[in-house]
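In this note's numbering, the protein residues as written are 5 to 432.
Cβ atoms here follow ideal geometry from the backbone N, Cα and C, with glycine treated the same way.
Keep in mind the model is a prediction, meaning the values are calculated, not measured.
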Ligand code: KE4
């Protein structure tokens, strides 16, 4: 593969955009080398600026669950654009997508649309604080809920990749209201409630962590959080920006059978356009402006193009009873293929998988939290990443990310991936 054009584009971008990218993880800092500039994408394939065709296992970090340039979404956006792109006034479209999302997701009566997962999580925490009149929150080391100050305390994803667990610019005051516990460690959470029995407004968690690689909850962990929240009148926020509309129609709440008090969404919900959302039962959502006093707003919230894309996406997912099983089966096939190759070597590895989220870690330890996720051999990961890229397979450029499979991936694509892995594994 050659990347002359991507490297020229990267050079030019660095003159006018910090680090040449609009989101740090895209810069390949963790894996080294030149970030790939993409020209277009269709189905399971990316076509980069140098004309290379790549099998895509990121799906834009989740949104492209039905493959790139999915025709119904494209059509919806095209026809909607003709009618105007933004009004700053309500449209019937927002009600339509809200009704469908509420029909698909358990335990929510109302939903507020925003423009990103960060905004959704930030607003959900403010709502929880306003509704409970408490100030502290609990988050988990390695979980990432977007880049608002309250969350950049040992965040996952890009922040971990940059090895700067707590970002400069976050004030001590903010950090004091964010309590940390290790993922999958119920005892540590119980301890925090012992110390702050009536101060914790909410626990915010990725029910299946996707920002340390993919890390499932151990049996009893989420159930334990649910009962601690009930015991201490704390709200349980499921950050389903990744898992929502991906693990099941009703997301992780449906798949894992755990009720959250507030759920946040992003990614798939927008069909590739900028959308986030947060949702809850009426008794919580009634605190939100203009119904209640908790303020939250946005010029482009509920933007008609984004709503059109999201509605087309949700309609496709809602009407296809097999989609989530198909995605899980393809992911299982990838898992088995990678495992069968690795078992012919002496390389220690862990593969974590939930639904269409999966990650490979070069470590002998079970990967159950931030500490064990960072015990992986990053050099091996980087060699693996570049070896696969050379073979036309685009994986997340960081050991702290989950892969996101899309339904346009064929079993031939997966077979091609495994064949390439067989070659690459010999030299990492
Ligand atoms: P955005 O603000 O990036 O739309 O969503 C923030 C967010 C919130 N919650 C979870 C569970 C998330 O995974 C994310 C964002 N995910 C990362 C990928 N790990 C986005 C990729 C990026 O930062 O460029």
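Distance check for residue j and residue i, CA to CA, integer angstroms please.
i: residue 379; j: residue 264; result: 31 Å
i: residue 426; j: residue 346; result: 8 Å
i: residue 124; j: residue 349; result: 44 Å
i: residue 290; j: residue 101; result: 20 Å
i: residue 143; j: residue 184; result: 5 Å
i: residue 137; j: residue 287; result: 14 Å
i: residue 8; j: residue 394; result: 14 Å
i: residue 430; j: residue 28; result: 30 Å
i: residue 134; j: residue 207; result: 14 Å
i: residue 10; j: residue 122; result: 29 Å
i: residue 59; j: residue 15; result: 25 Å
i: residue 25; j: residue 18; result: 8 Å
i: residue 328; j: residue 255; result: 10 Å
i: residue 413; j: residue 72; result: 10 Å
i: residue 115; j: residue 106; result: 7 Å
i: residue 260; j: residue 171; result: 32 Å
i: residue 310; j: residue 274; result: 6 Å
i: residue 84; j: residue 97; result: 10 Å
i: residue 110; j: residue 284; result: 9 Å
i: residue 428; j: residue 43; result: 26 Å
i: residue 193; j: residue 253; result: 29 Å
i: residue 396; j: residue 93; result: 45 Å
i: residue 158; j: residue 148; result: 9 Å
i: residue 103; j: residue 312; result: 14 Å
i: residue 74; j: residue 201; result: 49 Å
i: residue 362; j: residue 383; result: 20 Å
i: residue 53; j: residue 316; result: 29 Å
i: residue 338; j: residue 88; result: 43 Å
i: residue 276; j: residue 270; result: 9 Å
i: residue 297; j: residue 182; result: 23 Å
Taking the beta carbon of residue i as the centre, do at least 16 other beta carbons fall within 10 Å, making it buried, or is it exposed?
i: residue 20; result: exposed
i: residue 314; result: buried
i: residue 257; result: buried
i: residue 130; result: buried
i: residue 299; result: exposed
i: residue 67; result: buried
i: residue 91; result: exposed
i: residue 305; result: buried
Under 8 Å, do residue i and residue j count as touching if we go by C-beta distance?
i: residue 366; j: residue 351; result: yes
i: residue 95; j: residue 308; result: yes
i: residue 145; j: residue 374; result: yes
i: residue 409; j: residue 360; result: yes
i: residue 39; j: residue 30; result: yes
i: residue 204; j: residue 225; result: no
i: residue 112; j: residue 272; result: no
i: residue 341; j: residue 422; result: yes
- Message: Could you check whether the segment 385-393 touches the segment 226-245, counting it as contact only if at least three pairs of C-beta atoms, one from each stretch, sit closer than 8 Å?
- Response: no
- Item | Inter-stretch contact at 8 Å, needing at least 3 Cβ pairs: the segment 212-225 / the segment 310-326 | no
- For the segment 390-410 and the segment 172-182, state whether three or more C-beta atom pairs, one from each stretch, are separated by less than 8 Å. no
- Counting Cβ pairs, one atom from each stretch, are 3 or more of them under 8 Å apart for the segment 327-339 and the segment 410-425? yes
- Check whether the segment 222-240 touches the segment 68-85, counting contact only when three or more Cβ pairs, one atom from each stretch, lie closer than 8 Å. no
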